[in-house]
Amino acid sequence: MGQYYRAMVKKQNGRIVIYNRDVIRNGKPEYMVAKLMEHSWWLNDFVNAVCLDIYNSKEKRRVAWIGDYASTYLDCFDLKELNGLNKRQIDRMTKRCWDCDGIAVPTTDFTLDRLFLINHTKRQYVDCSEYYADSVSSDEWCLHPLPLLTCIGNGLGGGDYCPTDDSTEDYVGAWAWDEISITDKPVSNYVKICPIFKEKRWD
2 MGQYYRAMVK KQNGRIVIYN RDVIRNGKPE YMVAKLMEHS WWLNDFVNAV
52 CLDIYNSKEK RRVAWIGDYA STYLDCFDLK ELNGLNKRQI DRMTKRCWDC
102 DGIAVPTTDF TLDRLFLINH TKRQYVDCSE YYADSVSSDE WCLHPLPLLT
152 CIGNGLGGGD YCPTDDSTED YVGAWAWDEI SITDKPVSNY VKICPIFKEK
202 RWD
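Numbering (the numbering used here), first residue to last: 2 to 204.
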């Protein structure tokens, strides 16, 4: 069965926003494909609209890309936690994410070109231009780093991320629900990490 994902963002004022993947085009909501590998791409309108909202806010926001199977994640992989989140917390987040309509986002030309993903919880950052250069395929497709860094539930359903041998699988979900911002410059005393996300293709 396929697993579907939504993005959940917690603002500095405590308000939680659920993005349902719909993109507003020509004034009308348009359904955006929901599986992780169907929408987690560099030029995807939905993912980039979420990023634009974070970038424009100029504040830290907790971010997670939550699959509809996420509540079973720890049990399926015999884990006690994911990035500090225990089963009770993941259950609560999954329920909140999927027991609502969520909101749509406008189309956008925004990308992470020349920008930086900052993780304030771990004091890390990703140089997005370097990430693109390392992760883009020969046919110029590139996975978007934010959904993969923050996902909860990967590996439980069809359409999830399956890495190539030269990918850095350890970073999948490593930033889930951490405080993140998107900036024009890195933070000088934070550590740069260099994830590489490439999808294994099934021919």
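The beta carbon of each residue, even a glycine, is placed where N, CA and C say it ideally should be.
Taking each of W99, S41 and K61 in turn and checking the Cα distance to W142, the smallest one comes out for S41. With respect to I19, M33 sits apart: the two C-beta atoms are not nearer than 8 Å. Residue pairing for S168: DSSP places it in no beta bridge.
Excluding residues up to 5 positions away in sequence, Y126, V127, C129, P146, L147, I181 and I183 lie with their Cβ nearer than 7 Å to the Cβ of L118 in the same chain. The three-state reading of DSSP puts N120 in strand, counting E and B together. In this structure, DSSP gives W42 an extended state, which the three-state scheme calls strand. Fewer than three beta-carbon pairs drawn from the stretch 150–168 and the stretch 46–62 are found closer than 8 Å, and the two stretches are therefore not classed as touching. With fewer than 16 other Cβ atoms inside 10 Å of its own Cβ, I17 counts as exposed. Assignment of beta-bridge partners to Y6 by DSSP yields G68.
Going by DSSP, T184 is part of the beta strand (DSSP E) stretching over E180 to T184. Residue pairing of L144 in beta bridges, as defined by DSSP: W42. In this structure, the straight-line span from the alpha carbon of D110 to that of L44 is close to 8 Å.
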